[in-house]
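Enquirer: Starting off with a structure, shown below.
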Amino acid sequence: MYNHKKNGFLGIIITVIILIILVIVTNMETSKLYNFENVISKIILPVQNVITYLQNKISGNTTFFADMDQLKQENQELKEKNSQLEQQLRELEIIKAENETLKQYQALAEKYQSYKTIPAYVINRDITNYSKILVINVGKDDGVEENMTVIADEGLVGNIISVTSNTAKVQTIVDSASSTSALTSSTRDSMVCKGTIDGTSTLKATYIAIDSNIIEGDSVETSGLGGIYPKGIHIGKVTKVTEGKNKIDKTVEVETAVNFDRLETVLIITNHN
Amino acid sequence: MKKIFINIAIIISFIFIYLLQANFFTWFKIAGVMPNLLIILMLYIGLFMGRNSAIIYGAIFGMLVDIFISRKLGITSIMLVIIGIIADLFDKNFSKDNRITVMTMVGVSTIIYEIGTYILSYFFLNINIEILAFIKILLIETLFNIILTIIIYPIIQLTGYDVEEAYKGSKILTRYF
Numbered sequence: 001m002y003n004h005k006k007n008g009f010l011g012i013i014i015t016v017i018i019l020i021i022l023v024i025v026t027n028m029e030t031s032k033l034y035n036f037e038n039v040i041s042k043i044i045l046p047v048q049n050v051i052t053y054l055q056n057k058i059s060g061n062t063t064f065f066a067d068m069d070q071l072k073q074e075n076q077e078l079k080e081k082n083s084q085l086e087q088q089l090r091e092l093e094i095i096k097a098e099n100e101t102l103k104q105y106q107a108l109a110e111k112y113q114s115y116k117t118i119p120a121y122v123i124n125r126d127i128t129n130y131s132k133i134l135v136i137n138v139g140k141d142d143g144v145e146e147n148m149t150v151i152a153d154e155g156l157v158g159n160i161i162s163v164t165s166n167t168a169k170v171q172t173i174v175d176s177a178s179s180t181s182a183l184t185s186s187t188r189d190s191m192v193c194k195g196t197i198d199g200t201s202t203l204k205a206t207y208i209a210i211d212s213n214i215i216e217g218d219s220v221e222t223s224g225l226g227g228i229y230p231k232g233i234h235i236g237k238v239t240k241v242t243e244g245k246n247k248i249d250k251t252v253e254v255e256t257a258v259n260f261d262r263l264e265t266v267l268i269i270t271n272h273n
Numbered sequence: 274m275k276k277i278f279i280n281i282a283i284i285i286s287f288i289f290i291y292l293l294q295a296n297f298f299t300w301f302k303i304a305g306v307m308p309n310l311l312i313i314l315m316l317y318i319g320l321f322m323g324r325n326s327a328i329i330y331g332a333i334f335g336m337l338v339d340i341f342i343s344r345k346l347g348i349t350s351i352m353l354v355i356i357g358i359i360a361d362l363f364d365k366n367f368s369k370d371n372r373i374t375v376m377t378m379v380g381v382s383t384i385i386y387e388i389g390t391y392i393l394s395y396f397f398l399n400i401n402i403e404i405l406a407f408i409k410i411l412l413i414e415t416l417f418n419i420i421l422t423i424i425i426y427p428i429i430q431l432t433g434y435d436v437e438e439a440y441k442g443s444k445i446l447t448r449y450f
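Chain order of the listed sequences is G and P. In terms of this note's numbering, the first sequence opens at residue 1 and continues consecutively. In terms of this note's numbering, the second sequence opens at residue 274 and continues consecutively.
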């Protein structure tokens, strides 16, 4: 009975470890392998420090126990000083975070000066694997309405699909039910970018003229057709161009400029329509 | 009294799971796919609390999820109710004393839930048909849910039979002898 319970507990621990390894390995980019080295060194370094410290203490440090009282007093003073510094550090961190957010808002507003915008935070994300909807912390009371365009510092995020008095749902351009009319910035070739169900940063572009000159690396922006998105908002870059077997169609993969997994601050354009 | 406590615990579990799904599992993913703990919760309700509770909770929880994050009301609700009913069927036909059986139930429920959600999303939300991508998501999500079941199985076992006794009474004699 005891052994059975022990084995069960061990099994759970092993499963948790396997799960964590799976998540890390499947999400790791090969170019970031050097991070692994960093992690290892971060684990080993404190151990090494402790060993070196002990070595130093053991090997002939005869003044270690000298003047205990003085050391205690000094220790007390240092502790007090330390707590004061920690308090200051916390205050500074709060100020730093506020400053960072304000900077982001400022950068966004400067980039899209011609539009009247409202800043917002992402407060909720979709819990399914098929749709990529976000909830933001502004709503009707702040002047937000359906079909308004949502952007981030890097480019287009999506559009508002429903609004409550103080929240709004945003259908992102990577949502599998979303279609965005777009153009390449250099060759002005038109296309329709659709979200896919298995990617959070990839769009599949179709309805492309077979004689178009799209190449990898081309910048893609909104065309303004359809009436939802304003013209000229950056979407992303072409990463792959595929021609059909019969050479009658062409598909393009576009990597979005916005990192939807880490999106926190957005702007809603209120004066487009 | 015991039933009130159980219901409060179920509601707290739902809130906890929702927050976990919307925060922790948005980055703790296997190959970009997140699990769905709501399926496991509904399976638990169906297995230990019975069909009626599963239908009521499935409808309410599904509706809440749809209000919070979906574009149309109803899809999650319908699918969670179906999972609750399936869980009740599992309870009538299989023993839930075995870890492997519960893991299989979670696997089958996840597959049914995801296929149902995908079909309903196709009709009501006009999402693209991408069979290969869907199969990839389906398999990884099922695997993820099964792994999580292994981890939380002791909690299921520890609490499940008390919940069952409060809701269905002790049926051990009629069932096994």
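By construction, the Cβ of each residue, glycine as well, lies at the ideal position given by its N, Cα and C atoms. Quantities reported herein were computed from a predicted structural model and do not represent experimental measurements.
Please list, in chain order, all residues of the same chain as I290 of chain P whose beta carbon is under 8 Å from its beta carbon, the five residues on each side excluded.
Expert: Numbered from 1 along the second sequence, position 17 holds the residue referred to as residue 290 of chain P. Contacts found: L310, L311 and L314.
Enquirer: Do the segment 130 to 146 of chain G and the segment 236 to 243 of chain G meet, that is, are 3 or more Cβ pairs less than 8 Å apart?
Expert: The answer is no - the segment 236 to 243 of chain G does not touch the segment 130 to 146 of chain G, with fewer than three Cβ pairs under 8 Å.
Enquirer: What residue does the beta strand (DSSP E) around N302 of chain G start on, and which one ends it?
Expert: Limits of chain G in this structure are 1 at one end and 273 at the other, which puts residue 302 of chain G out of reach.
Enquirer: At the level of alpha carbons, what is the spacing between M1 of chain G and A332 of chain P?
Expert: One-based indexing of the first sequence puts residue 1 of chain G at position 1. One-based indexing of the second sequence puts residue 332 of chain P at position 59. Only weak support is given to the placement of M1 of chain G: the predicted model assigns it a pLDDT of 46, under 50, and the question is left unresolved by the model.
Enquirer: Alpha carbon to alpha carbon, what distance is there between E221 of chain G and V144 of chain G?
Expert: Numbered from 1 along the first sequence, position 144 holds the residue referred to as residue 144 of chain G. Numbered from 1 along the first sequence, position 221 holds the residue referred to as residue 221 of chain G. One C-alpha to the other measures close to 24 Å.
Enquirer: Tell me the DSSP secondary structure of Y291 of chain P in three-state form.
Expert: Counting from 1 along the second sequence, the entry for residue 291 of chain P is found at position 18. Correct three-state label for Y291 of chain P: helix.
Enquirer: Drop a sphere of 10 angstroms on the beta-carbon of Q106 of chain G, count the other beta-carbons inside from all chains shown, and report buried for 16 or more, exposed for fewer.
Expert: The residue given as residue 106 of chain G occupies position 106 in the first sequence. When all chains shown are included, Q106 of chain G counts as exposed.
Enquirer: Please classify S368 of chain P: is it buried, with 16 or more other beta-carbons within 10 angstroms of its beta-carbon, or exposed?
Expert: For the purposes of this step, residue 368 of chain P is identified with residue 95 of the second sequence, where counting begins at 1. So S368 of chain P ends up on the exposed side.
Enquirer: Is the beta carbon of L10 of chain G less than 8 Å from the beta carbon of A152 of chain G?
Expert: Residue 10 of chain G sits at position 10 when you count from the first residue of the first sequence. Residue 152 of chain G sits at position 152 when you count from the first residue of the first sequence. No, Cβ-Cβ distance for L10 of chain G and A152 of chain G is not below 8 Å.
Enquirer: Using a C-beta cutoff of 8 Å, does Y207 of chain G count as contacting chain P?
Expert: Looking up residue 207 of chain G in the first sequence gives position 207. No, Y207 of chain G does not count as interfacial toward chain P.
Enquirer: Within this structure, are the beta carbons of S219 of chain G and T184 of chain G separated by less than 8 Å?
Expert: As a position in the first sequence, residue 219 of chain G is number 219, starting the count at 1. As a position in the first sequence, residue 184 of chain G is number 184, starting the count at 1. Result yes, Cβ atoms of S219 of chain G and T184 of chain G sit closer than 8 Å.
Enquirer: Mapping the DSSP letters down to three states, classify P46 of chain G as helix, strand or coil.
Expert: One-based indexing of the first sequence puts residue 46 of chain G at position 46. Three-state result, P46 of chain G: helix.
Enquirer: Kindly indicate which residue of P:I384, P:E387, P:F298 and P:I285 has the alpha-carbon position closest to the one of D126 of chain G.
Expert: Residue numbering aside, residue 126 of chain G sits at position 126 when the first sequence is read from its first letter. Considering only alpha carbons, the answer is P:F298.
Enquirer: If the cut-off is 9 Å on Cβ atoms, which residues from the segment 168 to 197 of chain G count as contacting chain P, listed in chain order?
Expert: Listed by position along the chain: K169, Q171, D175, S176, A177, K194, G195, T196 and I197.
Enquirer: For Q171 of chain G, which beta-bridge partners are listed by DSSP?
Expert: For this step, residue 171 of chain G is matched to residue 171 along the first sequence. Per DSSP, G:I133 and G:N159.
Enquirer: For L356 of chain G and L320 of chain P, what's the separation of their Cα atoms in angstroms?
Expert: Residue coverage of chain G in this structure runs from 1 to 273, which leaves residue 356 of chain G outside it and unanswerable.
Enquirer: Using the DSSP secondary-structure output, state which residues sit across from L267 of chain G in a beta bridge.
Expert: Position 267 of the first sequence, counting from 1, holds the residue named residue 267 of chain G. DSSP lists G:P119 and G:I151 as partners of L267 of chain G.
Enquirer: Would you kindly report the start and end of the unbroken beta strand (DSSP E) that includes G331 of chain P?
Expert: Within the second sequence, the letter at position 58 stands for residue 331 of chain P. Careful: G331 of chain P lies outside any beta strand (DSSP E), inside the alpha helix (DSSP H) at R324 to I342.
Enquirer: Using CA atoms only, rank isn't needed, just tell me which of P:R344, P:W300, P:I277 and P:I318 is closest to F396 of chain P.
Expert: By 1-based counting over the second sequence, the position of residue 396 of chain P is 123. It is P:R344 whose Cα lies nearest to the Cα of F396 of chain P.
Enquirer: By the criterion of Cβ-Cβ separation under 7 Å, what are the contact partners of L22 of chain G in chain P?
Expert: Indexing the first sequence from 1 puts residue 22 of chain G at position 22. Here the neighbours are I303.
Enquirer: Roughly how many angstroms separate the alpha carbons of N271 of chain G and T374 of chain P, rounded to a whole number?
Expert: Indexing the first sequence from 1 puts residue 271 of chain G at position 271. Indexing the second sequence from 1 puts residue 374 of chain P at position 101. Approximately 57 Å between the Cα atoms of the pair.
Enquirer: So, for M352 of chain P: in the same chain, excluding its five sequence neighbours on each side, which residues have a beta-carbon less than 6 Å away from its beta-carbon?
Expert: As a position in the second sequence, residue 352 of chain P is number 79, starting the count at 1. These residues qualify, in order along the chain: Y386, G389 and T390.
Enquirer: Cutting at 8 Å between CB atoms, please list the residues of its own chain near V135 of chain G, excluding the five before and the five after it.
Expert: As a first step, residue 135 of chain G must be located in the first sequence, where it is residue number 135. Closer than 8 Å at Cβ, skipping near neighbours: V122, I123, N124, R125, T167, A168, K169 and V170.
Enquirer: Could you give the distance in angstroms between the alpha-carbon of A406 of chain P and the alpha-carbon of Q87 of chain G?
Expert: Residue 406 of chain P sits at position 133 when you count from the first residue of the second sequence. Residue 87 of chain G sits at position 87 when you count from the first residue of the first sequence. A406 of chain P and Q87 of chain G: Cα-Cα distance of roughly 50 Å.
Enquirer: Quick one: is R344 of chain P near chain G, going by C-beta distance under 8 Å?
Expert: For the purposes of this step, residue 344 of chain P is identified with residue 71 of the second sequence, where counting begins at 1. Interface residue, yes.
Enquirer: Suppose the cutoff is 6 Å on Cβ atoms and the five residues either side in sequence are ignored; what does the same chain contact list for G236 of chain G look like?
Expert: Along the first sequence, read from residue 1 onward, the residue named residue 236 of chain G stands at position 236. The answer, listed in chain order, is V220, V254, E255, T256 and A257.
Enquirer: Does the count of Cβ pairs from the segment 327 to 342 of chain P and the segment 435 to 444 of chain P closer than 8 Å reach three?
Expert: At 8 Å Cβ cutoff, the stretches do not touch.
Enquirer: Keeping to the same chain, check which residues put their C-beta closer than 6 Å to that of T349 of chain P; ignore five residues upstream and five downstream.
Expert: Looking up residue 349 of chain P in the second sequence gives position 76. Counting only Cβ-Cβ distances below 6 Å, and skipping sequence neighbours, we find G335, V338 and D339.
Enquirer: Using a Cβ-Cβ cutoff of 8 Å, what residues of the segment 111 to 138 of chain G are near chain P? List them in chain order.
Expert: Here the close residues are N124, R125, D126, I127, T128, N129, Y130, S131, I133 and V135.
Enquirer: Give me the Cβ distance between T15 of chain G and I424 of chain P, rounded to the nearest whole Å; I'm assuming they're in contact under 8 Å.
Expert: As a first step, residue 15 of chain G must be located in the first sequence, where it is residue number 15. As a first step, residue 424 of chain P must be located in the second sequence, where it is residue number 151. The Cβ separation is near 6 Å, so the contact holds.
Enquirer: Tell me, please, whether the CB atom of F450 of chain P is closer than 8 Å to any CB atom in chain G?
Expert: As a first step, residue 450 of chain P must be located in the second sequence, where it is residue number 177. Caution applies to F450 of chain P, whose pLDDT of 47 falls short of 50 and renders its modelled position unreliable; the value that the coordinates give is listed next. No, no contact with chain G.
Enquirer: For the beta strand (DSSP E) containing V375 of chain P, list its first residue and its last residue.
Expert: For the purposes of this step, residue 375 of chain P is identified with residue 102 of the second sequence, where counting begins at 1. Where V375 of chain P is concerned, there is no enclosing beta strand (DSSP E), although the alpha helix (DSSP H) it sits in stretches over R372 to L398.
Enquirer: Figure out for me which residue from G:N246, G:V25, G:S212 and G:I161 has the closest Cα to the Cα of K177 of chain G.
Expert: Here residue 177 of chain G is taken as the residue at index 177 of the first sequence, counted from 1. Position check: residue 177 of chain G holds Ala in this sequence, whereas Lys was assumed. Of the listed residues, the one whose Cα sits closest to A177 of chain G is G:I161.
Enquirer: Which residue comes first and which comes last in the alpha helix (DSSP H) that contains A406 of chain P?
Expert: Stepping through the second sequence from its first residue, residue 406 of chain P is reached at position 133. A406 of chain P -> alpha helix (DSSP H) spans I404 to K441.
Enquirer: Just grab the DSSP bridge partners of S190 of chain G for me.
Expert: Your numbering for residue 190 of chain G matches position 190 in the first sequence. G:L183, per the DSSP bridge assignment.
Enquirer: So, L421 of chain P versus I356 of chain P, is the Cβ gap smaller than 8 Å?
Expert: By one-based count along the second sequence, residue 421 of chain P stands at place 148. By one-based count along the second sequence, residue 356 of chain P stands at place 83. No, these two residues do not count as a Cβ contact at 8 Å.
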